[in-house]
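So for the sequence shown, numbering that gives the first Met the number 0 puts the first residue at 0; every next one is plus one.
All C-beta atoms, glycine included, are put in the ideal place defined by N, C-alpha and C.
None of the values given here were measured: they were computed from a predicted structure.
Data first, discussion second: the structure below is written as structure tokens.
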Amino acid sequence: MLPVFVREGLTAPRAIDSLPGVSQHTLESLAGVIDEAAAAGIGGIMLFAVPEVRDATGTAACDAHGILNLAIEKAVQASAGRLVVMADLCLDEFTDHGHCGVLAADGTVDNDATLTVYASMALAQARAGAEVLGLSGMMDGQTAVVREALDAEGFTSVSIFAYSAKYASVAYGPFRDAVESDLQGDRRAYQMDPANRREGLVESTLDEAEGADIVMVKPALPYLDVLADVAAASAVPVAAYHVSGEYSQIEAAAQRGWIDRRAAHLEAVTSIARAGADIVLTYAAVEVATWLKEDM
Ligand code: PBG
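Set out below in structure tokens:
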């Protein structure tokens, strides 16, 4: 699967410096990405959007005319069933403080107030046509709340892709450039402590029980032990996200001639699959799919 960024207010795609080869797209250039991805034979795209205006509660996320919901509509149209269109369900791209949820009076993230916003964001995405919702905010109970909201409105076949074991990693740095997020503080109150292995299984088991159709471990390579644990125990498909910082480490070394780019990406994806992932998200998805076909 390929993560794709759409930026409001752009007139042409704009390269992301810290993610070589990856761009912010316009609503118009999105169709070309989908054609390329479908031609390469990848399974789906995960849409992230960058709004022009942010506020404390991330209002644009729930607005039918917000950039992410418009991008979903465009993508579903352009894909015409050739690949699965998934959308990121999280507030960090939409809040001015950069957190994945709304804040309580004391400045901490308010878990349960955030769940209410996630439920309306989920409905906005489902109405826009999203086939799968990627719940990446790491609020407790988010899978259950979103499942209930979707079912109540008749969206029973919209699936939930739960970012279950999401660690508070340094490897999200380039992504925050890609979405122009200026995070105040850090996410350690809701993302997981990298030292905790068993907690990964606790989180994925909870999401499964709450109705997740797919569970994910993220980042990927530094957490292959967690991925193997989750893959061994899970009754639903398991995904892993080779995140921005993992991708950019390969790109930076390859640019200096210190590593073979193609071999490095293929080894990364192979290792993630070996550890038990059924689905891999990588910024190199289109190339990896092409290389795999060539190698066959
Ligand atoms: C949150 C989200 C993040 C990523 C995916 N979804 C950022 C974060 O948690 O800080 C990171 C993905 C990557 O680094 O490639 N909406």
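With a beta-carbon spacing of about 7 Å, S78 and A37 fall inside the 8 Å limit used to define contacts.
Judged by pairs of C-beta atoms under 8 Å, the region 192 to 202 touches the region 221 to 234, as three or more such pairs exist. Using a cutoff of 7 Å, the CB of R53 does not count as near the ligand PBG, since none of the ligand's heavy atoms is closer than that.
Per DSSP, the unbroken beta strand (DSSP E) holding Q23 starts and ends at 22 to 24. Exclusion of the five residues before and after N68 leaves A123, A127 as the residues of its chain whose Cβ lies within less than 6 Å of its Cβ. S163: member of the beta strand (DSSP E) spanning 158 to 165, first to last residue. The criterion of a C-beta distance shorter than 8 Å is not satisfied by V116 and A55. If you check the C-beta of R175 against the ligand PBG, you find a heavy atom less than 7 Å away. Using a cutoff of 7 Å, the CB of V285 does not count as near the ligand PBG, since none of the ligand's heavy atoms is closer than that.
Below 8 Å, too few C-beta pairs join the region 140 to 159 and the region 9 to 24 to call them touching: fewer than three. Counting every other CB atom within 10 Å of its CB across the protein chains shown gives Q190 a total of 16 or more, marking it as buried. The nearest non-hydrogen atom of the ligand PBG is less than 7 Å from the C-beta of D87. When the beta-carbon positions are compared, V49 and F4 come within less than 8 Å of each other. Closer than 7 Å to some heavy atom of the ligand PBG: that does not describe the Cβ of G256. Between F154 and D212, the CB-CB gap reaches or exceeds 8 Å. Short note on R6: C-beta not closer than 7 Å to any heavy atom of the ligand PBG. Taking 7 Å as the cut-off, the C-beta of A118 does not count as close to any heavy atom of the ligand PBG. Excluding five sequence positions before and after Y171, the CB atoms of its chain that fall closer than 7 Å to its own CB belong to V242, S243, G244, given in chain order. Secondary structure of F93 (DSSP, three-state): coil.
In the DSSP assignment, L182 falls outside any alpha helix (DSSP H) and carries neither an H nor an E.
Here L1 has V32, A36, I41, G43, I44, M45, L280, T281, Y282, A284, V285 as same chain residues with Cβ atoms under 8 Å from its own Cβ, once five neighbours each way along the sequence are excluded. I271 and D224 have their C-alpha atoms roughly 10 Å apart. When distances are taken from the beta-carbon of Y171 to the heavy atoms of the ligand PBG, the shortest one is below 7 Å. Counting only runs of 3 or more residues that sit fully inside the region 180 to 243, the beta strand (DSSP E) segments are 213 to 217, 237 to 241, in chain order. For M45, the pairing in a beta bridge is given by DSSP as P2, M85.
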